[in-house]
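Count along the sequence shown from 1, add 50, and you get the number used in our numbering.
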Amino acid sequence: MADLPSPRKPVRVGLIGYGLSGASFHARLLAAEPAFVLNAVSTRNAEAVARDWPYARVLSVDALLEDPLLELVVVTSPNDSHAALARRALLAGKHVVVEKPFTLDSDEARQLGALAREQNRHLAVFHNRRWDGDFLTVSRLLAEGRLGKLYSFESHFDRLRPQVKKRWKEEAGPGGGLLWDLGAHLVDQSLRLFGLPESVSADLGQQRPGAQAVDWFHLLLRYGELRVILRSGSVVHEPWPRFVLHGEEDAFIKYGLDPQEDQLKAGLLPGADAWGAEPLERHGRLSRGGSVPTERGRYEQFYGQLASALEGKGEVPVTAQSAAEVIRVIEAAQRSASEGRRISLA
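Now the structure itself:
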């Protein structure tokens with residue numbers, strides 16, 4: 051009888067950063083994917099790591115990047131450090147996942163993609179909201195042509211946070227503010243559906259008392275007759291619909307946010323019965339066709355697809371090139387708001 055092939059050992063992962071993104075998203079999604087094991091974490095919050103993942107080592111950034119045991123490095127540090135840490139990890143021979151936004155400069159994003167190819171390493175960007183259940187539902191409706199020719203697409207991601215918090219995401223430095231945070235998600239989803247727009251117009255605001263960074267934005271992306279509006283605010287008592295689409299034959303409206311972030315924060319993992327599922331009252335509606343069940347969210351597909359890519363089976367879930375296009379649109383939005391004019395991307 052022939053020997054059975056031995057199972058591949060899990061990929062050993064080093065995680066840089068243990069804030070909301072590192073602790074609630076990456077560590078828990080990695081734990082749900084048997085192809086990976088969290089081996090080391092770089093953070094000032096060693097107590098939290100010891101509580102949550104007692105087998106994981108706590109290392110300095112330098113020690114983590116230099117550790118020969120680690121094969122994959124996940125970067126969840128503040129936005130302005132993403133590019134430098136990704137570059138160091140690639141040069142150290144690691145595969146790399148970078149939290150969104152990928153970089154703060156589209157040229158730098160493309161350069162990192164080229165460096166990954168030179169190093170023969172895989173590089174992926176964590177645009178997890180490609181696997182939001184509501185976005186998957188919208189994608190399916192458009193693919194099926196249920197609305198006919200589309201004329202307008204609105205995507206809102208609102209919050210009620212009237213007080214400015216003391217945290218780097220709300221500071222005036224590079225990469226701070228709502229456009230780089232939630233805006234990166236909305237732009238990425240739009241590019242997935244429609245590609246790069248012909249032009250971008252933007253209004254960016256700092257509305258709350260003491261606001262140092264953008265806490266409100268309105269982006270208009272043009273695609274021929276189609277208009278795409280992306281909006282987010284920090285003082286929204288009654289949220290707008292998450293999606294509003296108007297086509298030649300029908301319209302679709304959907305309220306409420308995908309549940310997976312809250313589920314991860316509560317300790318629920320992929321595979322649970324309720325994972326990624328929305329209640330019936332949160333389902334969207336077609337104007338003429340009635341209720342549309344929301345697809346289950348599937349954040350676990352990111353690391354599942356990455357595991358396949360590391361085995362030579364397909365592409366990484368989010369490429370550096372596609373993430374660079376998101377940065378290009380954000381740059382155009384900043385320039386539009388600054389100069390008070392439409393920015394062409396032709």
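All C-beta atoms, glycine included, are put in the ideal place defined by N, C-alpha and C.
Computed from a predicted model, the values in this text were never measured in an experiment.
In the structure shown, what three-state DSSP assignment does D466 receive? Here the chain covers residues 51 to 396 and nothing more, so residue 466 does not appear.
Where the alpha helix (DSSP H) through Y353 begins and ends: Annotation: the continuous alpha helix (DSSP H) that includes Y353 extends over 350 to 360.
V368 vs V175 beta-carbon contact at 7 Å: Yes, the Cβ-Cβ distance between V368 and V175 is below 7 Å.
I'd like the list of long-range same chain contacts for G227, defined as Cβ closer than 6 Å, with 5 residues on each side in sequence excluded. For G227, same chain residues with a beta-carbon under 6 Å away, outside a window of 5 residues either side, are A263, V264 in chain order.
So A142 is in the beta strand (DSSP E); what residue range does that whole segment cover? For A142, no beta strand (DSSP E) run applies, since DSSP gives it neither H nor E.
For L246 and Q371, the rounded distance between their alpha carbons: Answer to the nearest angstrom: the Cα atoms are 12 Å apart.
Is it buried or exposed, R180, if we count other Cβ atoms within 10 angstroms and call 16 or more buried? Counting Cβ neighbours within 10 Å, R180 comes out buried, since at least 16 surround it.
Between the stretch 111 to 121 and the stretch 133 to 146, do three or more beta carbon pairs fall short of 8 Å? Inter-segment contact for the stretch 111 to 121 and the stretch 133 to 146 is present: three or more beta-carbon pairs are separated by less than 8 Å.
Roughly how many angstroms separate the alpha carbons of R58 and H177, rounded to a whole number? Counting only the Cα atoms, H177 lies some 27 Å from R58.
Segment contact, 8 Å Cβ cut-off, at least three pairs: the stretch 59 to 68 with the stretch 288 to 303: Counting C-beta pairs with one atom in each stretch, the stretch 59 to 68 and the stretch 288 to 303 have fewer than three that are closer than 8 Å, which means they do not touch.
Look up R335 in the DSSP assignment and say whether it is helix, strand or coil. Of the three classes helix, strand and coil, the one that applies to R335 here is strand, per DSSP.
Contact defined as beta carbons within less than 8 Å: I believe L330 pairs with A324. What is the distance between those atoms, to the nearest angstrom? Cβ atoms of L330 and A324 stay farther apart than 8 Å, at about 13 Å.
State the Cα-Cα distance for the pair Y237 and L109, rounded to the nearest angstrom. Per the sequence shown, residue 237 should be read as Val rather than Tyr. Each residue's alpha carbon lies about 34 Å from the other.
Roughly how many whole angstroms lie between the Cα atoms of V286 and E83? Distance between the alpha carbons of V286 and E83: 36 Å.
How would you write the range of the alpha helix (DSSP H) that F244 sits in, first residue to last? Taken as a continuous stretch (DSSP letters only), the alpha helix (DSSP H) holding F244 covers 228 to 244.
Where the beta strand (DSSP E) containing V278 begins and where it ends: Per DSSP, V278 belongs to the beta strand (DSSP E) from 276 to 283.
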